[in-house]
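Note that our numbering numbers the sequence shown so that position 218 is 469, with each residue one more than the last. Cβ coordinates follow ideal geometry from the N, Cα and C atoms, glycine included. Note that the structure is predicted; figures quoted are calculated from it, not measured. Worksheet: the structure to be examined is printed underneath.
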Amino acid sequence: MKEFDYLRRPLGFFPTPIVKLERLSALLGGPNILMKRDDQTGLALGGNKTRKLEFLIADALRKECDTIITAGAAQSNHCRQTAAACALVGLECHLVLGGEQPKNPNGNLFLDKLFDAQIHWGGVQRKGEGVNKVCELLKSKGKKTYIIPYGGSNELGSLGFVRASLELDSQLKEHEEEVQSIVVASSSGGTQAGLMVGLEMLSSETSVIGIGIDKLGVENHEFARVILDLTYSTANQLELDLSYDLNDVEVRYEYLGRGYGVVGQPERNAIRTVAKTEGVLLDPVYTGRAMAGLIDMIKQGRFERGQTVLFWHTGGTPSLFSYTDDVLQY
Ligand SMILES: Cc1ncc(COP(=O)(O)O)c(C=O)c1O
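Here it is in structure tokens:
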């Protein structure tokens, strides 16, 4: 395996802690639940994208670019962390966001503005469809641009989660813990793909269960294929042989509810249960849904008592403040 840590520009505080969710585990009466606190990565209220951005921003700096362009939903955590990373290293940041400019920007959008990102509104498109147009415009003004893909999910971004698997492995060894499965919110796929590559690199028996967040890509395992391809392109640059096939990519689609960013009763229950039993904040779009999936899988008997499951908290906390009514509703 090739060295890759030198490709990284540190942006966060690592390792992130692992905590035991003792009260939640007791309440659910299933496996022991650990939580990897990537909501505490340290960059602008944290989140999983910090790990990807360490490799992506480093690449932009190596290529001597001066302007970053990326895209996401109006409440994108990826965009907020990209804006913060750009502020930290002194790059101009342009965000192509889905929707229209709201009257009162709150949550992540408020923070994007604090970090001085320039916002381009994309209407119904929230997956970066307008990025190339913005890029051409900036180039014509003499900017040296660098496009970070939607969600930071390419083979370079995924390296952040290969590194995260190694970090997890040394923490678990130190605490003499063994984890049967990792449960994680999965949306553009880079987090799940990077973890899978890292675990294969370690010859680990731990499985990764992605909880699908977005209805797009459900048909014909399209999203699972994206993840599979990403595992191979990530492994290729490390000169690592993989033996994964489509059956090894587990994404659960039964928790999509009414679609991306729509809070239903399962997410609401999960967010409130974890808040009141553990004092931990989940977010309404990703980790609330992923935790709802974990709670359901425990109820369905997917894990045995005595086993240990690790919930990877991927962050997203700032968007809680733009969903207060949805979360507090009964
Ligand atoms: C809080 C949070 N969790 C999970 C994810 C999903 O990660 P990935 O896009 O790597 O699948 C995202 C992506 O935006 C996110 O913001």
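Review point. In the structure shown, what three-state DSSP assignment does THR565 receive?
Key: In the sequence shown, counting from the first residue as 1, residue 565 sits at position 314. Residue state, collapsed to three classes: coil.
Review point. If you compare alpha carbons, which of LEU275, GLY293 and SER455 is closest to LEU285?
Key: Position 34 of the sequence shown holds residue 285. Of the candidates LEU275, GLY293 and SER455, the one whose C-alpha sits nearest the C-alpha of LEU285 is LEU275.
Check your understanding: Going by alpha carbons, who is nearest to VAL525 out of THR538, VAL514, GLY515 and THR333?
Key -> Position 274 of the sequence shown, counting from 1, holds the residue named residue 525. THR538 is the residue among THR538, VAL514, GLY515 and THR333 whose C-alpha sits nearest the C-alpha of VAL525.
Practice item. Could you check if ARG556 is buried or exposed, using at least 16 other CB atoms within 10 Å of its CB as the buried criterion? Key: Within the sequence shown, residue 556 is the residue found at index 305, counting from 1. Looking at its Cβ environment, which holds fewer than 16 other Cβ atoms inside 10 Å, ARG556 is exposed.
Review point. How about GLY393: is its Cβ closer than 7 Å to a heavy atom in ligand 1?
Key: On the sequence shown, position 142 is the one that residue 393 refers to. Not under cutoff, so the answer is no.
Check your understanding: Between which two residues does the alpha helix (DSSP H) harbouring ILE522 extend?
Key -> The residue given as residue 522 occupies position 271 in the sequence shown. Run containing ILE522: 516 to 529, per the alpha helix (DSSP H) assignment.
Check your understanding: What are the partner residues of GLU320, as DSSP defines its beta bridges?
Key -> Reading the sequence shown from its first residue, position 69 is the one you call residue 320. In the sequence on display, residue 320 carries Ile and not Glu. Per DSSP, HIS345 and ILE398.
Check your understanding: Beta-carbon separation of TYR397 and ALA311 under 8 Å?
Key -> To locate residue 397, count along the sequence shown from 1; it is residue 146. To locate residue 311, count along the sequence shown from 1; it is residue 60. Taking 8 Å as the cut-off, the beta carbon of TYR397 is found closer than this to the beta carbon of ALA311.
Point to revise | Classification of GLN291 by the beta-carbon crowding that lies within 10 angstroms, buried from 16 upward | key: Numbered from 1 along the sequence shown, position 40 holds the residue referred to as residue 291. Buried, by the Cβ-count rule.
Check your understanding: At which residues does the beta strand (DSSP E) containing GLY463 begin and terminate?
Key -> Walking along the sequence shown from the start, residue 463 turns up at place 212. Looking at the DSSP string, the run of the beta strand (DSSP E) that includes GLY463 is 458 to 463.
Practice item. Report the option in GLU505, GLU429, ASP577 and LYS550 whose CA atom is closest to the CA atom of LEU561. Key: One-based indexing of the sequence shown puts residue 561 at position 310. Comparing Cα-Cα distances from LEU561 to each of GLU505, GLU429, ASP577 and LYS550, the minimum goes to GLU429.
Review point. Under a three-way DSSP split, which group does MET286 fall into?
Key: One-based indexing of the sequence shown puts residue 286 at position 35. Of the three classes helix, strand and coil, the one that applies to MET286 here is strand, per DSSP.
Check your understanding: CA-CA distance, ASP547 and THR485?
Key -> In the sequence shown, counting from the first residue as 1, residue 547 sits at position 296. In the sequence shown, counting from the first residue as 1, residue 485 sits at position 234. Taking the straight line from one Cα to the other gives about 31 Å.
**Study point:** Secondary structure, alpha helix (DSSP H): runs of 4+ residues fully inside the stretch 371 to 439
**Key:** 382 to 391 and 406 to 425
**Study point:** Euclidean distance between Cα positions of LEU481 and GLU470
**Key:** Here residue 481 refers to the residue found at position 230 of the sequence shown. Here residue 470 refers to the residue found at position 219 of the sequence shown. Approximately 18 Å between the Cα atoms of the pair.
Exercise for review: List the whole-angstrom C-beta distance separating GLN326 from SER570, where the pair is believed to meet the contact cut-off of C-beta under 8 Å.
Suggested key: As a working note, residue 326 is residue 75 in the sequence shown. As a working note, residue 570 is residue 319 in the sequence shown. About 4 Å separates the two Cβ atoms, so the contact holds.
Review point. Where do the ends of the alpha helix (DSSP H) carrying GLU473 lie?
Key: Indexing the sequence shown from 1 puts residue 473 at position 222. It spans 473 to 488 - the alpha helix (DSSP H) in which GLU473 sits, taken as one unbroken run.
Review point. Among VAL448, LYS527, CYS386 and VAL435, which residue has its Cα nearest to the Cα of ARG503?
Key: Stepping through the sequence shown from its first residue, residue 503 is reached at position 252. That would be VAL435, whose Cα lies nearest to the Cα of ARG503.
Review point. Considering VAL448, what are the terminal residues of the beta strand (DSSP E) in which it resides?
Key: In the sequence shown, residue 448 corresponds to position 197, counting from 1. Careful: VAL448 lies outside any beta strand (DSSP E), inside the alpha helix (DSSP H) at 441 to 452.
Review point. VAL565: beta carbon under 7 Å from a heavy atom of ligand 1?
Key: Here residue 565 is taken as the residue at index 314 of the sequence shown, counted from 1. Before going further, note that residue 565 is Thr rather than Val in the sequence given. Under cutoff, so the answer is yes.
Check your understanding: Since ARG540 is in the alpha helix (DSSP H), which residue starts that stretch and which ends it?
Key -> Within the sequence shown, the letter at position 289 stands for residue 540. Judged by DSSP secondary structure, ARG540 falls within the alpha helix (DSSP H) whose first and last residues are 538 to 550.
**Study point:** Length of the line joining the Cα atoms of LYS303 and LEU389
**Key:** As a working mapping, residue 303 is identified with position 52 in the sequence shown. As a working mapping, residue 389 is identified with position 138 in the sequence shown. Computed Cα separation, rounded: 24 Å.
Point to revise | Inter-residue spacing [alpha-carbon to alpha-carbon] between GLU518 and LYS550 | key: Along the sequence shown, read from residue 1 onward, the residue named residue 518 stands at position 267. Along the sequence shown, read from residue 1 onward, the residue named residue 550 stands at position 299. Their Cα atoms are separated by approximately 15 Å.
Review point. In whole angstroms, what is the alpha-carbon distance linking GLY544 and ASP577?
Key: If you number the sequence shown from 1, residue 544 lands on position 293. If you number the sequence shown from 1, residue 577 lands on position 326. Their backbone Cα atoms lie some 19 Å apart in a straight line.
Exercise for review: Counting only the same chain and skipping the five closest in sequence on each side, list residues whose C-beta sits under 7 Å from that of ALA309.
Suggested key: One-based indexing of the sequence shown puts residue 309 at position 58. Around ALA309: LEU258, ARG259 and ARG260.
Check your understanding: Does DSSP put GLY358 in a helix, a strand or coil?
Key -> Your numbering for residue 358 matches position 107 in the sequence shown. Looking at GLY358 - three-state DSSP - the assignment turns out to be helix.
Point to revise | LYS253 - DSSP class collapsed to helix/strand/coil | key: The residue labelled residue 253 in the question sits at position 2 within the sequence shown. Of the three classes helix, strand and coil, the one that applies to LYS253 here is coil, per DSSP.
Exercise for review: Pull up the distance between the alpha-carbon of LYS395 and that of CYS386, whole angstroms please.
Suggested key: Walking along the sequence shown from the start, residue 395 turns up at place 144. Walking along the sequence shown from the start, residue 386 turns up at place 135. Their backbone Cα atoms lie some 9 Å apart in a straight line.
**Study point:** Distance, ALA295 Cα to VAL347 Cα
**Key:** As a working note, residue 347 is residue 96 in the sequence shown. As a working note, residue 295 is residue 44 in the sequence shown. Approximately 19 Å between the Cα atoms of the pair.
Point to revise | Under the three-state DSSP convention, the category ARG331 falls into | key: Working through the sequence shown from its first residue, we reach residue 331 at position 80. Helix, per DSSP.
Check your understanding: Cα separation between ALA322 and GLY379?
Key -> Residue numbering aside, residue 322 sits at position 71 when the sequence shown is read from its first letter. Residue numbering aside, residue 379 sits at position 128 when the sequence shown is read from its first letter. So the two alpha carbons sit approximately 5 Å from each other.
Check your understanding: Just checking my contact of PHE255 with LEU410 at CB under 8 Å: how many whole Å lie between their CB atoms?
Key -> Walking along the sequence shown from the start, residue 255 turns up at place 4. Walking along the sequence shown from the start, residue 410 turns up at place 159. Yes, PHE255 and LEU410 are in contact; Cβ-Cβ is about 6 Å, under 8 Å.
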